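If you read the sequence shown in my numbering, its first letter stands for residue 1235, the second for the next number, and so on. In this text, a Cβ means the ideal position worked out from N, Cα and C, and glycines have one as well. In this text, all values refer to a predicted model and were calculated from it rather than measured experimentally. First up is the structure itself, then whatever we jot down about it.
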Amino acid sequence: MRPAALPIYYGWFVLAAGAVSEMLAQGATSYSAGFFVLPLQTEFHLSRADASSAILILFAGSALVSPLVGRVLDRYPIRLVLAAGALLFALSLAAIAAAHSIWVMVLLLFLPAAAGFMAIGPLTTATLASRWFHRRRGLALGLAAVATSGGGFLAPIISVVIARHGWREGLSYEAFGLCAIIVVLALLIVRDSPAAQALGAHPENVDCRTGVHSAGWRDVLLTGNFWIPSLTLAAISGASQATVTLLVPYAVGLGHSAGDAALLITAFAVAAAVTKISAGLLADRIEQRLLLVFAALLMTLSWLALSLSSQYAVLVFASCLAGTALGCALPTVTALTAAQFGAENFGRVMGITYLLILTLAIGAVRFSGFIYDATGSYQTGFEIATTLFACLAVSTLVFLVKRRAA
1235 MRPAALPIYY GWFVLAAGAV SEMLAQGATS YSAGFFVLPL QTEFHLSRAD ASSAILILFA
1295 GSALVSPLVG RVLDRYPIRL VLAAGALLFA LSLAAIAAAH SIWVMVLLLF LPAAAGFMAI
1355 GPLTTATLAS RWFHRRRGLA LGLAAVATSG GGFLAPIISV VIARHGWREG LSYEAFGLCA
1415 IIVVLALLIV RDSPAAQALG AHPENVDCRT GVHSAGWRDV LLTGNFWIPS LTLAAISGAS
1475 QATVTLLVPY AVGLGHSAGD AALLITAFAV AAAVTKISAG LLADRIEQRL LLVFAALLMT
1535 LSWLALSLSS QYAVLVFASC LAGTALGCAL PTVTALTAAQ FGAENFGRVM GITYLLILTL
1595 AIGAVRFSGF IYDATGSYQT GFEIATTLFA CLAVSTLVFL VKRRAA
């Protein structure tokens, strides 16, 4: 059946395929990172900071390659990029599971795994959403962003597999299952644009601008419309990654079970998923930068709650606040980027944004581990993060006021 004859706009199928791929990528990395901290610390006699660094190494490599992957997405068929990325990522994870040298694992994470991760992650899904949707772009980007949180729903499954079979076999299972699903979705469903499927005149895209000039590095880096939203998103994303990485060992250290710790990650994921849909809808209707201010305030409250109490109910509350903050920020910034720079340049511009996101994520997770190793507690880190995010919320609000005055 031709896509044009389908009763449902074909872009929704493309978006769903990209979202599932992203969910699997995030589930195998960001949301499962905490479950590998204690096994790695025990097997290789590492400090807590070093044991928490696997995700940071992946993010460091991803930050390095993200601008390049963004340009590749703008120039080559996305379904081929997606399939190749899945193969590369899965082979890298399988090799890591079989390796017994820390340095071999580091090298595999830093380049091949990082390149594969960026090709199947949120950058690709958001690029697909920006190309296939114009009239309901905010909603589409919000739904695309939900896939990032969807990885959190895999956390309990990953926890059980690791507990029963060990971290090496658990990682291997993730790798091959992820690869099989993504390659099939990429080759059978994903297409590059509505025009390629004779859907350029569909009501969803009838008013879409085409032929936007190519945005060079100077066009992006010399405008505040790039820096303020991107830095706000990067800070919130970095804090979110620190949250999902430290909550598992933190909760276990407080005497809670691994299952209870996994539920904290799920609570974060649920809050983020629900908020991303709402924020995507609002991004089409209200001043989008107001959502960024709200997100910064929520992240401030999350870290404040962690600094004030270690009760399990407070941990759940803080997880939900952090997830809601990320849910507000991600679809809002992607919608701002698509509107400012056009779908034709979306991949390369968001590639730079992801460089910032991953760099701050590395710093946030590493800093939290360093604070723990230095003091035996995360308390100082919670207090510092609360202060920094309060300043970020004020700065974002000042930018919004000045923009309106202008």
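Got a sec, what are the start and stop residues for the alpha helix (DSSP H) residue i sits in?
i	result
R1391	Per the sequence shown, residue 1391 should be read as Ile rather than Arg. Unbroken alpha helix (DSSP H) run through I1391: 1389-1399.
S1266	Segment: none, S1266 is in no alpha helix (DSSP H) and carries neither H nor E.
T1457	Unbroken run through T1457: none, as it is neither H nor E.
F1351	1348-1354
L1342	1336-1342
G1489	Note, G1489: premise wrong, no alpha helix (DSSP H); not H, not E.
A1598	1580-1609
L1290	1288-1309
A1432	First-last for A1432: undefined, no H or E at that position.
A1283	1282-1285
Considering only residues of the same chain and omitting the five flanking positions on each side of residue i, which have a CB-CB separation below 7 angstroms?
i	result
F1367	G1245, A1374, E1438
L1642	A query on residue 1642 cannot be resolved here, the shown segment of the chain reaching from 1235 to 1640 and no further.
H1490	Y1546
S1281	D1607
A1624	T1534
T1479	A1267, G1268, S1286, I1289, V1599
C1413	A1320, L1321, A1324
F1270	A1288, W1401
L1498	L1481, A1485, L1549, V1550, S1553
L1516	L1525
L1488	S1544
In the structure shown, what three-state DSSP assignment does residue i receive?
i	result
Q1545	coil
A1553	Sequence inspection shows Ser at residue 1553; the Ala mentioned does not correspond to that position. The answer is helix: DSSP assigns S1553 an H, G or I state.
V1446	Confidence at V1446 is low in this model, with a pLDDT of 48, below 50, so its placement is unreliable and the value that follows should be read with caution. V1446 falls in the coil class under three-state DSSP.
R1519	coil
E1277	helix
P1241	coil
F1502	helix
G1372	helix
G1386	helix
V1424	coil
G1404	helix
E1438	coil
A1333	coil
F1323	helix
G1252	helix
G1411	helix
G1472	helix
G1576	coil
F1367	coil
Y1612	coil
Residues in its own chain within less than 8 angstroms of residue i by CB, not counting five upstream and five downstream?
i	result
S1471	L1560, A1563, L1564, I1591, L1594, A1595
F1362	Phe is not the amino acid found at residue 1362; the sequence shown has Leu there. Counting only Cβ-Cβ distances below 8 angstroms, and skipping sequence neighbours, we find V1248, L1249, G1252, I1312, A1378, V1424.
L1274	L1280, A1285, A1288, W1401
S1300	M1352, L1357, G1585, I1586, Y1588, L1589, L1592
Quick one: what's got a C-beta closer than 6 angstroms to residue i's C-beta in the same chain, skipping five residues either side?
i	result
G1445	The predicted model places G1445 with a pLDDT of 45, which falls under 50 and marks its position as unreliable, so this point remains unresolved.
L1626	A1469, A1530
I1242	none
A1619	W1537
C1554	A1501, A1505
V1417	A1317, A1320
S1427	R1365
G1385	M1257, Q1260, G1261, Y1265
L1532	L1555, T1558, A1559
A1396	Before going further, note that residue 1396 is Ile rather than Ala in the sequence given. So the list reads F1269, G1404, once near-sequence residues are dropped.
Q1574	N1459
Could you round the C-beta distance between residue i and residue j to whole angstroms and report it? I think they count as a contact, below 8 angstroms.
i	j	result
L1290	R1523	So it is not a contact: roughly 30 angstroms between Cβ atoms.
A1389	A1496	5 angstroms
A1330	S1255	As written in the sequence, residue 1330 is Ile, which differs from the Ala given in the question. No, I1330 and S1255 are not in contact; Cβ-Cβ is about 20 angstroms, not under 8 angstroms.
S1364	A1577	4 angstroms
G1603	A1283	3 angstroms
A1262	E1408	5 angstroms
L1345	G1295	5 angstroms
L1292	L1341	Actually they do not touch by this definition, with Cβ atoms about 12 angstroms apart.
A1503	F1387	6 angstroms
R1371	A1492	Incorrect: roughly 40 angstroms between the Cβ atoms, too far for contact.
With hydrogens ignored, establish whether the beta-carbon of residue i is closer than 6 angstroms to any heavy atom of the ligand NAD.
i	result
T1466	Among the ligands in the structure shown, none appear at all, so the ligand NAD cannot be discussed.
Could you tell me whether any Cβ in chain D is nearer than 7 angstroms to the Cβ of residue i?
i	result
T1558	Annotation note: the requested chain D is absent from the structure, which comprises a single protein chain.
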